[in-house]
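Residue numbering for the sequence shown follows full-length UniProt numbering, beginning at 1 and increasing consecutively.
Think of the CB as a built atom: it goes at the ideal place given N, C-alpha and C, for glycine as much as any other residue.
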Amino acid sequence: LAGLDARGGFRIGGETISAAAGFRPALRVWAEVLSRPEPRLAICGMGMRDVAMDQGLPRPLALYRNGAYLADLGGADVFRLNDQHAFVALAEGSDVAVGDVIECGISHPCTCLDRHAILYGLDPDHSVTTAYLTSFG
């Protein structure tokens, strides 16, 4: 988005809009922490069968425990996916625990949609408000 803004943003109805201020993610993916085998590593229940990786790996955004927001995870990094798991590098001393949920942003929602039969719509408090059925193949 910064690159788009460096080129002047985009125009809607004759008004110039900042991409960084105007765009919001269309899709996020949530993954449970299944294992903490090393101090700076978490293994999560999200893999290539769940998310697209054609334009980059998912980015950890936030940590939730018992359904409540716990921390920003901007310093974490998904460095590898296999079929069923994400390997997440964590900051030193990270408070991530087995059973926590990590919210991830993705680079490309289009190639993620065909992996799911149902997508859930959330309100600003992250409560499910709608279920959208997908119809792929």
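DSSP, reduced to helix, strand and coil, places Gly3 within a helical segment of the structure shown. Residue Leu113 holds the alpha-carbon nearest to the alpha-carbon of Arg49 among Leu113, Arg65, His126 and Asp77. The beta strand (DSSP E) runs of length 3 or more contained entirely in the UniProt domain "D-serine dehydratase-like" (26-123) are, from start to end of the chain, 28-38, 41-44, 59-65, 68-72, 77-81, 86-89, 101-105 and 118-122. Bridge partners of Ala20 according to DSSP: none are assigned.
For Leu1, the CB contacts under 7 Å within the same chain, skipping 5 residues up- and downstream, are Ala19, Ala20 and Phe23 in chain order. By the C-beta density criterion, Ser94 is buried, having at least 16 other C-beta atoms within 10 angstroms.
Scanning Val96, Asn82 and Gln84 for the CA closest to the CA of Ala76 turns up Val96.
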